[in-house]
Structures are given as structure tokens and as C-alpha cells.
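A.B. asks:
Numbering (our numbering), first residue to last: 48 to 527.
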């Protein structure tokens, strides 16, 4: 287990976005919470420091909480490759897909519990009685009983799930139940994800949010955007008159120097080429093969249409808790190579550099802002943070009507939902409908930005978590 250090940051900049009164109210809430906490710390425990939505949400939450004097810490579990193969199997099962189809039986439970015991040793040196520990997703569920025995106040935060019962969903919950059924508070991204054996009085729903000031979401000029994309090898030609720079979390200036690992025929797209973009992990539930084939045969095949697809994800070696990435990318590459040459020329596959997390975020920011259409063709999706990111940047989004994506988009108002994610023709038609109507694209993007501003920024998450923690610390008889 290791700790991730996060610098404190003021919440004052939110006043320009959401109003001074709301910031002042949160300041008061933080002061009251500091008094209630006393010497207690709030720990977050997850399975990776980079390369996923959980890590991206944790960083700003902790940064702003520390800026208000709340003692928060972030710990990342470690373990053998077999542990993360099992937890990936659980991740897939809770989305009601079989993944690699491997068993989730007694032997897997023994491996899982041994890794949890080893990580618990590190926790014992840090966590004191009365501390609050938030364990994230199946990877850390096995720590819950140990922490409860130690006298910690425990929350299990599950970011994933599926609305309906099924063979795989039931299999996943059967494996996890003994670890989390007695947790005092369980938090889900959608109410429908909570299994029925968890008491409603112990479950809460918190929708994920984004930090508008992070390297991934901060404002960016066209000159900086072009320079970053050219430097990363995602756009052809010179970088123009701008510099490939961005603002880091600590306020210093960062520069994009790394290049993506790009697979394409000929040069990268020209700056004026309309781009359809999906940025996701290399995960079958994100359906990258479907994205590729759907674009090739139902968008690029139209002779009159000029557009190219950029299908981007992290460098595979960079995401420690996702062992399926290399295999999935191999499947995508094979399908790409089998396309007719004319269609293959319209598609670029990109593994984005991950050695510097903020540099990666700046590249994603530039790519999403430059996109003509952002898509998220997921077959299953716990939430889909990339949808909110693109909406914040006023991009028109075409996405599958699955999981938490349904909570982010009002179909036809601030985005476009495709109700059958396996219907390639419908997905292609939805993309073309936006590409071919710039006025509509602009309306969708403007409405999308307003929706995120109203309820999906990280200040909302801070308010909700403050209320949840307060509820854990204040007994009903103590409440005013």
C-alpha cells in the first residue's frame, strides 16, 4: 500500500461559476465539520492513483477538502497480478458481463482475502479508532470487516453496477456480500445499483462530478489546443503560434512534451478535419471494436462526408488494475488492420502517454475540445465521466443510453442517446445527424455546458460528502 500526496487548494475560484453565496455556505459547513472531526482523519482507499474515473474524482475532492483544513488522506492498495485479474472479473460481473469467464469461487476468495490481509497491515499503522475510511469499489471491499473491527467509521463507495439482476450480477454480489453487508454506509452512483440486501437506510446516491480547474477540464485557447495536439502527434503539421502549455494543479506551468503511440495510415488528421472522438480505457464494455466498425461502415463510408475517428485510451502498461487492456487493444488493432484501406485511412488509434498524469489530462482536454463530436459507445457503464467532461467543454455528445450515461444526457436537448448500443446503424445515423447540422451541434453543446454547470462540478460533490460525513458523526439525539 502506498499514499498519494495531494496539495491543498482553495474553493474560492468556484465563486465565479456558481456564485459567492454557495462558496460561503460551503466554507461554513467545512468549519462545522472540522469541529466535529476533531483529530479524526478521513481516508480514501482505492486501487490506482491514475488511469480511471475514481482517481480523477478523488484528487480534486481531497485537494479542496484539504484546502478547508479537513485532514484527508489517499491510500492505494497493492497486490499480485492475480488479485487484479479477480477484481477485474468482479468489475465485469457487476456490469452483468462475464469478462474472461473465470470462476469466482473459494480459491479466488482465498487469493483476494490474502491480499486484503496484507494491505490491512499497512492500514493498521495509519488508521485510528474513530477515523473515517472510504473504501472504493470491489478492489477494497475486503478491507471493510477488518476496518470495522478496528473501530473505524467505514463507507463503501461503489462506482459501478447494473440496474437489473442477472447471472453475472448475482455472481459478483454473492462474492462480495460477506465483506460489505454490514458496512454502516454504502454509496452508489445510481440507486438501482444497490443490491436489495443492503438496507435503504444505509445507502446513499452520489453522482460523480468533475473539477473545472483541473488540467483535464480547465479553459484552453485554440492556439494552446493546436500546439498540444500537434506535439502529441494527434494532429498533423506545425503547432501554430501557440505553445503546448497548461496550468498544473499547483499553479505552475506545465508543457506537453510526450507523444502518443499512434496507429494510422499516413499523417495524422489535419487541423481543419472534423473529428469524432472517443476517449476511454481499453475495455470491452467501452466497445472500442464497435466504435471502430460503426464509424467505418456507417459514417466514413459516406463519400460526401469528411470526418475522421480518433479512438484514444491510456498507454496499456499504465493502468495497474486493468489487466485486460492489452488484449482488448490487440482486438481493436486486428479489426483496424482488416478494414479496407479507404476506411482504415479515416481512423486513428492512440495510446496516450501516462508517465505524467497532468500532461495526459491536458492532452485529453485538448482532444475533447477540438472534437466535432464526442462519443461514448459503452455497452455497460457505471457512470461514464468522459461524457460530463465533454459536455463541460460544450461538445455535442452521442452516447449509449446505458447506466449512468442516462443520468447525464437529456436526449435531444443536451446530447443524443442511442437506445440500443449494439445498433451500429443507429449509432452511425446519430453521429451523422450531428456532423451534418452544425447549428444543432452548437445548440446541444451549449445546453450540455449549462447542465454540467448546474449540478456536476466538484463543489457539488464536496457539499454532498460533507453532509454524509456529518451524518456519520452526529447522533440523532445530538442533531439540532
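From the three backbone atoms N, C-alpha and C, an ideal C-beta is built for every residue, glycine too.
Determine the closest residue to residue 243 out of 303, 210, 262, 332, with distance taken between C-alpha atoms.
C.D. replies: Here the question's residue 243 lines up with position 196 in the chain shown. For residue 243, the nearest C-alpha among the options comes from 210.
A.B. asks: Leaving out the 5 sequence neighbours to the left and right, which residues in its chain are closer than 8 Å to residue 519 when beta-carbon positions are compared?
C.D. replies: On the chain shown, residue 519 is found 472 positions in, with the first residue counted as 1. Here the set comprises 179, 200, 202, 231, 232.
A.B. asks: Ignore the nearest five residues each way along the sequence and tell me which others in residue 514's own chain have a CB closer than 6 Å to its CB.
C.D. replies: Numbered from 1 along the chain shown, position 467 holds the residue referred to as residue 514. Excluding positions up to five away in sequence, the list is empty.
A.B. asks: Using a Cβ-Cβ cut-off of 6 Å (strictly less than) and excluding sequence neighbours within five positions of residue 50, which residues of its own chain qualify?
C.D. replies: Counted from its first residue, the chain shown places residue 50 at position 3. These residues qualify, in order along the chain: 122.
A.B. asks: In three-state DSSP terms, what is residue 252?
C.D. replies: The sequence position of residue 252 within the chain shown is 205, counting from 1. It is a strand residue.
A.B. asks: Are the CB atoms of residue 451 and residue 237 within a distance shorter than 7 Å?
C.D. replies: On the chain shown, position 190 is the one that residue 237 refers to. On the chain shown, position 404 is the one that residue 451 refers to. The answer is yes: Cβ separation under 7 Å.
A.B. asks: Jot down the residue ranges of each uninterrupted beta strand (DSSP E) in the stretch 409-453, minimum 3 residues, whole runs only, in chain order.
C.D. replies: Taking only runs of at least 3 residues, the beta strand (DSSP E) segments lying wholly in the stretch 409-453 are 420-423, 444-447.
A.B. asks: So, with DSSP's three-state summary, where would you put residue 523?
C.D. replies: As a first step, residue 523 must be located in the chain shown, where it is residue number 476. Residue placement at residue 523 cannot be trusted, given a pLDDT of 49 that sits under 50; what the coordinates show is reported in the next sentence. Looking at residue 523 - three-state DSSP - the assignment turns out to be helix.
A.B. asks: Which residues share a DSSP beta bridge with residue 7?
C.D. replies: Any answer about residue 7 is impossible in this case: the structure gives the chain only from 48 up to 527.
A.B. asks: Are there 16 or more other CB atoms within 10 angstroms of the CB of residue 417, so buried, or fewer, so exposed?
C.D. replies: Within the chain shown, the letter at position 370 stands for residue 417. The residue in question, residue 417, is buried, as its Cβ has 16 or more Cβ neighbours within 10 Å.
A.B. asks: Comparing alpha-carbon positions, which option in 409, 222, 419, 371 lies nearest residue 155?
C.D. replies: The sequence position of residue 155 within the chain shown is 108, counting from 1. Out of 409, 222, 419, 371, 222 has the C-alpha closest to the C-alpha of residue 155.
A.B. asks: Using the C-alpha atoms, what's the distance from residue 335 back to residue 405?
C.D. replies: Here residue 405 refers to the residue found at position 358 of the chain shown. Here residue 335 refers to the residue found at position 288 of the chain shown. Straight-line Cα distance between these residues: approximately 24 Å.
A.B. asks: Helix or strand or just coil, what does DSSP make of residue 310?
C.D. replies: As a first step, residue 310 must be located in the chain shown, where it is residue number 263. Residue 310 falls in the strand class under three-state DSSP.
A.B. asks: Where residue 161 and residue 465 are concerned, what is the direct C-alpha to C-alpha distance, given to the nearest angstrom?
C.D. replies: Along the chain shown, read from residue 1 onward, the residue named residue 161 stands at position 114. Along the chain shown, read from residue 1 onward, the residue named residue 465 stands at position 418. C-alpha separation (whole angstroms): 43 Å.
A.B. asks: Count Cβ pairs between the stretch 292-303 and the stretch 320-327 that sit closer than 8 Å; are there 3 or more?
C.D. replies: No: fewer than three Cβ pairs fall under 8 Å.
A.B. asks: Which complete beta strand (DSSP E) runs does the stretch 266-336 hold, if anything under 3 residues is left out?
C.D. replies: Within the stretch 266-336, the complete beta strand (DSSP E) runs of at least 3 residues are 292-294, 300-302, 308-310, 322-326.
A.B. asks: Is the stretch 56-73 close to the stretch 105-125, with three or more CB pairs under 8 Å?
C.D. replies: Segments in contact, yes.
A.B. asks: DSSP three-state label for residue 203, please.
C.D. replies: Within the chain shown, residue 203 is the residue found at index 156, counting from 1. Residue 203 falls in the strand class under three-state DSSP.
A.B. asks: Is the stretch 342-358 touching the stretch 439-454 in the sense that three or more CB pairs, one from each, lie closer than 8 Å?
C.D. replies: No, they do not touch.
A.B. asks: If you pair each beta-carbon of the stretch 489-506 with each one of the stretch 466-479, do three or more pairs fall below 8 Å?
C.D. replies: Touching, no.
A.B. asks: Helix, strand or coil: which one does DSSP assign to residue 36?
C.D. replies: Only positions 48 to 527 of the chain appear in the structure, and residue 36 is not among them; the question remains open.
A.B. asks: Can you tell me which of 207, 268, 263, 261 puts its alpha carbon nearest to the alpha carbon of residue 240?
C.D. replies: Taking the first residue of the chain shown as 1, we reach residue 240 at position 193. Comparing Cα-Cα distances from residue 240 to each of 207, 268, 263, 261, the minimum goes to 207.
A.B. asks: May I ask you to list the residues that DSSP assigns as paired with residue 507?
C.D. replies: What you label residue 507 is simply residue 460 of the chain shown in a count that begins at 1. Answer is none; residue 507 lacks a bridge partner.
A.B. asks: Tell me whether the beta-carbon of residue 370 lies closer than 7 Å to the beta-carbon of residue 157.
C.D. replies: As a working mapping, residue 370 is identified with position 323 in the chain shown. As a working mapping, residue 157 is identified with position 110 in the chain shown. Contact: no.
A.B. asks: So, do the stretch 380-387 and the stretch 296-304 have three or more beta carbon pairs nearer to each other than 8 Å?
C.D. replies: Flag = no, the stretch 380-387 and the stretch 296-304 do not touch.
A.B. asks: Which one of 296, 257, 352 has the shortest CA to CA distance from residue 436?
C.D. replies: Here residue 436 corresponds to residue number 389 of the chain shown, with the count starting at 1. Of 296, 257, 352, the residue nearest in Cα terms is 257.
A.B. asks: Under 7 Å between the Cβ atoms of residue 275 and residue 493?
C.D. replies: Numbered from 1 along the chain shown, position 228 holds the residue referred to as residue 275. Numbered from 1 along the chain shown, position 446 holds the residue referred to as residue 493. Result no, Cβ atoms of residue 275 and residue 493 do not sit closer than 7 Å.
A.B. asks: Along the beta strand (DSSP E) that carries residue 49, what are the first and last residues, could you check?
C.D. replies: Taking the chain shown and counting its residues from 1, one reaches residue 49 at position 2. Start and end: 49-51.
A.B. asks: Can the beta-carbon of residue 166 be found less than 7 Å from the beta-carbon of residue 124?
C.D. replies: On the chain shown, residue 166 is found 119 positions in, with the first residue counted as 1. On the chain shown, residue 124 is found 77 positions in, with the first residue counted as 1. It is a contact, given that the beta carbons lie within the stated cut-off.
A.B. asks: On the DSSP bridge assignment, give the partners of residue 122 in chain order.
C.D. replies: Residue 122 sits at position 75 when you count from the first residue of the chain shown. According to DSSP, which records beta bridges pairwise, residue 122 is partnered with 50, 92.
A.B. asks: Starting from residue 386, trace the beta strand (DSSP E) in both directions and tell me its first and last residue.
C.D. replies: As a first step, residue 386 is located in the chain shown; it is residue number 339 there, counting from the start. First-last for residue 386: undefined, no H or E at that position.
A.B. asks: Leaving out five residues on either side along the sequence, give the residues of the same chain with a beta carbon under 7 Å from the beta carbon of residue 142.
C.D. replies: Counted from its first residue, the chain shown places residue 142 at position 95. Within the same chain, residue 142 has close Cβ partners 207, 209, 332, 427.
A.B. asks: Kindly indicate the opening and closing residues of the beta strand (DSSP E) around residue 179.
C.D. replies: Here residue 179 refers to the residue found at position 132 when the chain shown is read from its first residue. Start and end: 179-183.
A.B. asks: Put residue 174 into one of helix, strand or coil per three-state DSSP.
C.D. replies: One-based indexing of the chain shown puts residue 174 at position 127. Note: residue 174 maps to coil in three-state DSSP.
A.B. asks: Classify residue 263: buried if its beta carbon has 16 or more other beta carbons within 10 angstroms, exposed otherwise.
C.D. replies: As a working mapping, residue 263 is identified with position 216 in the chain shown. It is buried - the Cβ of residue 263 has at least 16 other Cβ atoms within 10 Å.
A.B. asks: Please state whether the Cβ-Cβ distance between residue 297 and residue 54 is less than 7 Å.
C.D. replies: Counting from one through the chain shown, the residue named residue 297 turns up at place 250. Counting from one through the chain shown, the residue named residue 54 turns up at place 7. Yes, they are a contact pair.
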